[in-house]
Amino acid sequence: MPKTDEIRNHSIEKDEFELAFEDEFEIDYNNFNDVFFASVVIAFEEGNSIVEKDKKDFISKLSENLNLEFDEVEKIIDTFSIVVNVSSQINYFDLENNENYPWRFNRKKSLLQKPFIIRKTEKEEKVYYGSRALYDSFAHLYSIILSGRFNSKKAKMNSFLSTINRKKGEEFNNDLFELIRSSLNCLIIEKEVTIGPKKSDILPNDVDLGDFDILMVYKDLNKIICIESKNTNFARTPYEMNREINNFITKSNRGWIQKVEKREKWLNENRNSIQTINDNIDFSSFEIEYIFVTKEAIPLSYIKDINYRFLTIYDFKNNSLKSLLS
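Per the working numbering, the sequence shown starts with residue 473, numbered consecutively.
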């Protein structure tokens, strides 16, 4: 089960994680841990993997055992509960509440994110949970947050997730860069080659066009290769697959392919700008190719006509980088 020191291992301070967690769920982080662990202990003490309790009695016992206010414990239980009534039915095709969709991975309304079930009747309110389901939920919550996959509408949590995903992207690009540099004899190989108007930008331009994740010049082929590296997650459902594809082809300035097209067009018109890196070569006759390299294989190139090659880091490792120069 993930502990706080594991959060530090992801180069994220514990305080930042706690602030994001508490802003997201509006409950105290340490109290959340205590309530979950104490609930598992209750199940162990009773020798049952499935617990059925009167809700008020259950919360009162947790409140007493943990020395927490009743209302605080109740808020934690309610936050991580699915509430059902005797007559209630879940409409899985409710377009206004797509968290009901059972085929959507990482949806809020699931036992992985809400492991307590509260059943209401006219006379009573009971809580049900399984000790294993509680453990799985606890571990899963940490996993999707620390892997940057958690879905949130809160600013602090999204900032925290962005930091994680940015660091993962940098690590992936660095690994890819070192793999290429150690395997190929390139005239030039640089990473994070920026294009823009600032003095710190490597390639000068009036407009900020972002950067080439990896820029390499292979003189034997008179070829300039630009690599756009994407630390893609493994898509678990068709919904995630569709969302991932849309990141590439969205018709806006935010679409990954649209951004690459702008940089490619600029480089085709300004090949000799690379002389700021190496001024001993005339690059005007060099061929240019832009390649996407992803961590996991994506189906985009198989279902849509795309002008760019898509490779994975596994292609590089398995083919000794021959796929890059083919």
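Even glycine gets a Cβ: it sits at the ideal position worked out from N, Cα and C.
Just so you know, the alpha carbons of SER654 and LEU538 end up roughly 56 Å apart.
Here ASN705 is not near GLU642, since their CB atoms are 8 Å or more apart.
Close CB contacts of CYS658 within its chain, under the 7 Å cut and outside five residues either way in sequence, are with MET688, VAL689, TYR690 (chain order). Using a Cβ-Cβ distance cut-off of 8 Å, the region 667–683 and the region 753–770 are not in contact, since fewer than three pairs of beta carbons, one from each stretch, lie closer than that value. For LYS671, there are no CB contacts under 7 Å within the same chain when 5 residues up- and downstream are skipped.
Using a Cβ distance threshold of 8 Å, ARG735 and PHE684 count as a contacting pair. Selection PHE508, LEU656, ARG638, THR593 evaluated against ALA605 yields PHE508 as nearest (Cα-Cα). Counting along the chain, the unbroken alpha helix (DSSP H) around ASP543 starts and ends at 542–551.
DSSP lists GLY668 as the bridge partner or partners of PRO676. Taken through DSSP and simplified to helix, strand or coil, PHE684 comes out as strand. Per DSSP, the continuous beta strand (DSSP E) segment holding ASP526 begins and ends at 522–526.
For LEU618, the closest alpha carbon among the candidates ASP608, LYS625, MET629 is that of MET629. By the Cβ-count criterion, ALA627 is exposed, with fewer than 16 other Cβ atoms from all chains shown falling within 10 Å of its own Cβ.
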